[in-house]
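There are 2 protein chains.
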Amino acid sequence: MRLSTRGHYGLKAMFDLAQHYGTEPIPLKSVAERQSLSEHYLEQLIARLRKAGLVKSVRGAQGGYILAREPEKIKVGDIIRALEGPIAPVECVKEVDPKECDQADYCISRTVWARVRDSIAGVLDSISLADMCREAEKMHQTKEL
Amino acid sequence: MRLSTRGHYGLKAMFDLAQHYGTEPIPLKSVAERQSLSEHYLEQLIARLRKAGLVKSVRGAQGGYILAREPEKIKVGDIIRALEGPIAPVECVKEVDPKECDQADYCISRTVWARVRDSIAGVLDSISLADMCREAEKMHQTKEL
DNA sequence: TTCAAATCATACTAAATTACTCGGATTTCA
DNA sequence: TGAAATCCGAGTAATTTAGTATGATTTGAA
């Protein structure tokens, strides 16, 4: 029941972009450094995020990446689906285009996995990048007291 | 965010044993046939379940497997943990012995994954094999009307 | 007593996936 | 014109997955 590093690193990168939202484009190199990730590997991840319409790129010198919309309107679920595909603990309850087996109608374990899927999606779709930024701010303040 | 077939098949097998609970030991061969699974592969899965104390084995002819306790007292979470290890979308929020990175204290994405983990565990630990048997019964009745 | 049905144990393996690296082409600001 | 950046595709070592193969051991029943 593991996420790959794609989702793991990708969320970190998007959170980093969210924390710099509203300024100039952020080069991947700086994201990679701050988050301690491989820049080349991040390139591949951000390509998926770009194709999913979650970030915009600015090419050339002084270029970089920007969130395609406000942090409030990007949910963690959007990011994870873009990087890892539809949420599904098992193939037969994939959010889109599930491959159901012949016994799907009678399969009780399938209903268990559907509940797990909904529970995961519920959490991921309830948290926005803006929520994460607010939590970071709160944590920072608590630390300073 | 996928479960391996270990958890997937393992739950099916345990559900099969639950449906036959209270009778004689059930040979793996019949479980494998009913659930359309490889018997040899199931052997490996059930070995883990036995080591985890969830099933008891009876060796020799007329032998087989029995749930180690009532279906009411075996949760899906017990089965999944025995087969897949501690529940954790990412390494740093493993239920036991998590490998936290240096920034764990400040890492906001980590708190996201902790919430996902708790949500998954909440669902899995709320469903017992007995619940699944009742649901199967209900489904069967509905179908007959 | 012997046979067959079963569990138990270990080793092997093909295929897929993961988590990258590498090399270079292209774009664009200064 | 050069440096900083994105963009693109290929390659790859390591790991995991999903089994298969082989055989030893146990035990109830004919």
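So the protein lines, in turn, are chains A and B.
Numbered by our numbering, the letters in the first sequence go through residues 1 to 145 in order.
Numbered by our numbering, the letters in the second sequence go through residues 1 to 145 in order.
We put the CB at the ideal spot given by N, CA and C, even for glycine.
Exercise for review: Note down the Cα distance separating residue 81 (chain A) from residue 60 (chain B), rounded to an integer number of angstroms.
Suggested key: 49 angstroms
**Study point:** Limits of the alpha helix (DSSP H) - the one that residue 109 (chain A) falls within
**Key:** 108 to 124
Check your understanding: Which of the three DSSP states, helix, strand or coil, is assigned to residue 64 (chain A)?
Key -> strand
Practice item. Can you check DSSP and say which residues form a bridge with residue 56 (chain B)? Key: B:66
Review point. So, helix, strand or coil for residue 74 (chain A), using DSSP?
Key: Coil.
**Study point:** Under 8 angstroms (Cβ pairs) to chain B, residues found in the segment 73 to 89 of chain A
**Key:** 76, 80, 84, 87, 88 and 89
Check your understanding: Does DSSP put residue 30 (chain B) in a helix, a strand or coil?
Key -> helix
Point to revise | Paired residues, beta bridge with residue 4 (chain B) - DSSP | key: Under DSSP, residue 4 (chain B) takes part in no beta bridge, so it has no partner.
Point to revise | Same chain, Cβ closer than 6 angstroms to residue 87 (chain A), five either side skipped, listed in chain order | key: 95, 117, 120 and 121
Practice item. Decide if residue 134 (chain A) is buried, meaning its Cβ has at least 16 other Cβ atoms within 10 Å, or exposed. Key: exposed
**Study point:** 8 angstroms Cβ cutoff met for residue 1 (chain A) and residue 84 (chain B)
**Key:** yes
Point to revise | Residue range of the unbroken alpha helix (DSSP H) whose run includes residue 133 (chain A) | key: 129 to 144
Point to revise | 8 angstroms Cβ shell around residue 97 (chain A) - same chain, five flanking residues per side excluded | key: 86
**Study point:** Close beta carbons around residue 93 (chain B), own chain, < 7 angstroms, minus the five adjacent residues each side
**Key:** 110, 113, 114 and 117
**Study point:** Helix, strand or coil at residue 20 (chain A) [DSSP, three-state]
**Key:** Residue 20 (chain A) falls in the coil class under three-state DSSP.
Check your understanding: Should residue 143 (chain B) go down as buried or exposed, given a rule of 16 or more other Cβ atoms within 10 Å for buried?
Key -> Label assigned to residue 143 (chain B): exposed.
Exercise for review: Return the first residue and the last residue of the alpha helix (DSSP H) that residue 47 (chain A) is part of.
Suggested key: 39 to 51
Review point. For a contact meaning CB atoms closer than 7 angstroms, what does residue 123 (chain B) contact in chain A?
Key: Going along chain A in sequence order, the residues near residue 123 (chain B) (Cβ under 7 angstroms) are 115, 116 and 119.
Review point. Just the Cα atoms here: how many angstroms apart are residue 136 (chain B) and residue 130 (chain B)?
Key: 10 angstroms
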